[in-house]
Every structure is written in structure tokens, then in C-alpha cells.
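Engineer: Have a look at the structure that comes next, please.
In this note's numbering, the protein residues as written are 641 to 752.
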């Protein structure tokens with residue numbers, strides 16, 4: 641069985657960067673080592689998801705939007721979303737949404 645290729649959209653990459661900054665900032669108040677550990681947990685969850693999608697692109701659950709799949713990461717705080725192209729054997733991660741704080745309630749935005 642050949643593995644699926646994993647692509648990441650620009651939006652997904654921006655969402656990941658924003659989540660990483662948010663995790664660091666919110667945990668630095670307690671300690672730098674805690675912030676680093678939490679960021680490492682987040683990155684490990686993303687890596688595990690990518691590895692799982694290579695073999696099982698239909699894992700997770702169907703989203704409200706047809707053709708979109710989703711899976712919770714980082715203790716359910718974030719939801720990674722992707723689309724599957726079986727003909728090309730390709731998975732494209734398209735978004736990472738924060739289930740606790742919608743984008744408009746966060747205090748900062750990363751500028752391009």
C-alpha cells in the first residue's frame with residue numbers, strides 16, 4: 641500500500657504559527673519550561689496527525705462541509721481540517737481552528 645502525500649495550505653501554516661505563538665504566550669506566564677513543553681506537545685500532535693494521514697486519510701470525522709475531514713489535536717483545543725484527493729493520493733491540510741477562542745476573540749494576529 642503506497643502512502644498518501646501530505647500538503648499544507650498557506651492558511652493551515654498561518655493557523656499553526658498563530659496557535660504556536662498563542663500556546664507560548666499563554667504558558668510563559670507560568671514558566672518558560674512549561675511553555676516549551678506545551679509547544680512540544682502541540683508539535684508532536686501535528687506530527688502524529690501527519691503520519692496517521694499518510695496511511696489513513698479518511699481518519700477523523702466528516703466536517704459540516706462536504707469533503708472536509710477533521711480531527712482534534714492538543715487535547716481537543718484545536719481541530720485540524722483536511723481534504724483528500726484519492727486519485728492523486730494526496731491529503732491537503734487546509735485549516736487549524738481553535739475550539740476555545742474563535743479568531744475574533746484573540747488579542748493578536750500575525751501579519752504576513
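Note that CB positions come from ideal geometry on N, CA and C, so glycine has one too.
What are the residues that DSSP puts in a beta bridge with residue 648?
Structural biologist: Your numbering for residue 648 matches position 8 in the chain shown. Partner(s): 733.
Engineer: Straight-line CA distance for residue 658 to residue 642?
Structural biologist: Within the chain shown, numbered from 1, the residue matching residue 658 stands at position 18. Within the chain shown, numbered from 1, the residue matching residue 642 stands at position 2. Residue 658 and residue 642: Cα-Cα distance of roughly 33 Å.
Engineer: Who are the near neighbours of residue 708 in its chain, counting only those whose CB is closer than 8 Å to its CB and skipping five residues on each side?
Structural biologist: What you label residue 708 is simply residue 68 of the chain shown in a count that begins at 1. So the qualifying residues of the chain are 702, 721, 722, 723 and 734.
Engineer: Please classify residue 716 as buried or exposed, where buried requires at least 16 other C-beta atoms within 10 Å of its C-beta.
Structural biologist: In the chain shown, counting from the first residue as 1, residue 716 sits at position 76. Residue 716 is classed as exposed because its beta carbon has fewer than 16 other beta carbons within 10 Å across all chains shown.
Engineer: Which stretch, first to last residue, makes up the beta strand (DSSP E) that contains residue 709?
Structural biologist: In the chain shown, the residue the question calls residue 709 occupies position 69. That run of the beta strand (DSSP E) goes 708-713.
Engineer: Just to check, is the beta-carbon of residue 725 closer than 6 Å to a non-hydrogen atom of the ligand PLP?
Structural biologist: With respect to the ligand PLP, the structure offers nothing, as it holds no ligand at all.
Engineer: Can you tell which of 739, 740 and 730 has the C-alpha that lies nearest to the C-alpha of residue 647?
Structural biologist: For the purposes of this step, residue 647 is taken as residue 7 along the chain shown, with counting starting at 1. Answer by Cα proximity: 730.
Engineer: Assuming residue 695 and residue 711 form a contact by the criterion Cβ under 8 Å, report the distance between their Cβ atoms to the nearest whole angstrom.
Structural biologist: Translated into positions along the chain shown, residue 695 becomes position 55. Translated into positions along the chain shown, residue 711 becomes position 71. With 8 Å as the limit, residue 695 and residue 711 do not qualify as a contact, their Cβ atoms being about 14 Å apart.
Engineer: Measuring CB to CB, does residue 714 end up less than 7 Å from residue 736?
Structural biologist: Indexing the chain shown from 1 puts residue 714 at position 74. Indexing the chain shown from 1 puts residue 736 at position 96. Their beta carbons are not under 7 Å apart, which means residue 714 does not touch residue 736 by this criterion.
Engineer: Residue 651: which of 706, 644, 732 and 704 sits nearest, CA to CA?
Structural biologist: Against the chain shown, residue 651 aligns to sequence position 11. Cα-wise, what sits closest to residue 651 is 732.
Engineer: In chain order, what residues of the same chain have a beta carbon less than 6 Å from the beta carbon of residue 645, not counting five sequence neighbours either side?
Structural biologist: The residue you call residue 645 lines up with position 5 of the chain shown. Excluding positions up to five away in sequence, the list reads 730.
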